[in-house]
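Each residue of the sequence shown is one higher than the last, beginning at 1246 in the working numbering.
Note that CB positions come from ideal geometry on N, CA and C, so glycine has one too.
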Amino acid sequence: MNPVRAAYLSFGCLIALGLILTWTTGETHSALIILPMIAAAGVYTLSPQIMWWHWKRHPPDLPTDLAPLLDRFDLYRRLDLAGKREFRRRTFLLREATHFHGQAIEEIPPDIKIMAAASAATVGFHRPEFLLGDFETIVLYRHYFPTPDHDVLHCSELHEPDGAIIWTLNVFLRSCIEPRKYLHLGLYEYGRAMLLLELELRAALDGLALDYPQIEKLSGFGETALKEYIGLEELDLTAITLVLYFTHTEEMKVLQPEAYAGFEKGLTSVSSN
1246 MNPVRAAYLS
1256 FGCLIALGLI
1266 LTWTTGETHS
1276 ALIILPMIAA
1286 AGVYTLSPQI
1296 MWWHWKRHPP
1306 DLPTDLAPLL
1316 DRFDLYRRLD
1326 LAGKREFRRR
1336 TFLLREATHF
1346 HGQAIEEIPP
1356 DIKIMAAASA
1366 ATVGFHRPEF
1376 LLGDFETIVL
1386 YRHYFPTPDH
1396 DVLHCSELHE
1406 PDGAIIWTLN
1416 VFLRSCIEPR
1426 KYLHLGLYEY
1436 GRAMLLLELE
1446 LRAALDGLAL
1456 DYPQIEKLSG
1466 FGETALKEYI
1476 GLEELDLTAI
1486 TLVLYFTHTE
1496 EMKVLQPEAY
1506 AGFEKGLTSV
1516 SSN
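Structure, rendered in structure tokens:
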């Protein structure tokens, strides 16, 4: 049962009991009225923390109409039943831990929230502590946008000082739905966030990052096309390689076996520590 709702119900019963006793006996039972009201106010203030504590111990599964969205993620499809259950648990918790803000967007669609959370769950699936530090904010635009850090129109950015990831909504969604046609922006930016938190892993993977000709041969994503697609001149090749590790697994095994083995070892060694 929802612990916040259960607490409100208990306090409501105590308050009702206090009012009934006051009415029937003629004596004021203030302790049964005031103390539960104070406690209820405390529960209201702490309800996000209480719900988070509850969800970590008893995470509900995703709604049946949203769970199929996870099939867009290759990692999820490859997992066994227990692994898929853990992936859904993490996706739920990451969605609840993330603050979504829309610029000229009144309401963020539920499928966008799931796609973002599943992206974070994918890149951090090797981590026992899968929350990605202070990267808890997603900002979504309807169009390509400039920012103080990048005064050009672009569709994807990681803003480390604010722990924010910024995307153009339709471009982000398209990359999640068709990751073999478009670089998966969810995996790209959450991959960059994860590598900022794991400097040793970043150092190990930097030496295995593919260059642009290798990336194009493996995925068909050319240097010019990638830069025009995102809108920035400087891209993170290690993060792009990490994306391809998840979205073009079989091609990477065949064409870049050393890089694939290195990424596999790097991620696996973290999970075993």
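- Where V1384 is concerned, the enclosing beta strand (DSSP E) starts and stops at T1382 to Y1386.
- In this model, V1384 and W1412 are separated by some 6 Å (Cα to Cα).
- A Cβ-Cβ contact shorter than 8 Å links F1508 with L1487.
- DSSP places F1375 outside both helix and strand once states are collapsed to three, so it counts as coil.
- Exclusion of the five residues before and after Q1348 leaves Y1386 as the residues of its chain whose Cβ lies within less than 6 Å of its Cβ.
- Annotation: L1398 to P1391 spans about 5 Å, alpha carbon to alpha carbon.
- Going by C-alpha positions, L1500 is about 22 Å away from R1447.
- In the displayed model, T1483 falls within a helix according to three-state DSSP.
- With a cutoff of 8 Å on beta-carbon distance, D1319 and T1494 are scored as near each other.
- For the 8 Å CB-CB criterion, I1359 and L1414 do not form a contact.
- In the three-state DSSP reduction, I1283 falls in the helix class (H, G or I).
- Note on geometry: alpha-carbon atoms of P1281 and P1305 lie some 29 Å from one another.
- CA-to-CA, the gap between L1264 and A1284 works out to about 17 Å.
- Residue nearest to L1442 within the set L1455, R1372 and L1482 is R1372 (criterion: CA-CA distance).
- Within a 10 Å sphere around the beta-carbon of L1444 sit fewer than 16 other beta-carbons, which makes this residue exposed.
- Scanning its chain for C-beta atoms nearer than 6 Å, with the 5 sequence neighbours on each side dropped, one finds around Y1433 the residues A1484 and V1488, in chain order.
- Closest by C-alpha distance to L1307, out of D1407, L1339 and E1423, is L1339.
- Distance from L1315 to R1334 at the Cβ level is roughly 12 Å; contact not present, criterion being Cβ atoms closer than 8 Å.
- Rounded to whole angstroms, F1491 and S1464 show a C-alpha spacing of 12 Å.
- Going by DSSP, A1409 is part of the beta strand (DSSP E) stretching over A1409 to T1413.
- With a contact defined as Cβ atoms closer than 8 Å, L1377 and A1438 qualify at about 5 Å.
- When E1381, E1331, A1506 and A1312 are compared, the shortest CA-CA separation from G1452 is found for A1506.
- Less than 8 Å divides the Cβ of L1259 from the Cβ of L1277.
- When secondary structure is reduced to three states using DSSP, G1347 falls in the strand class.
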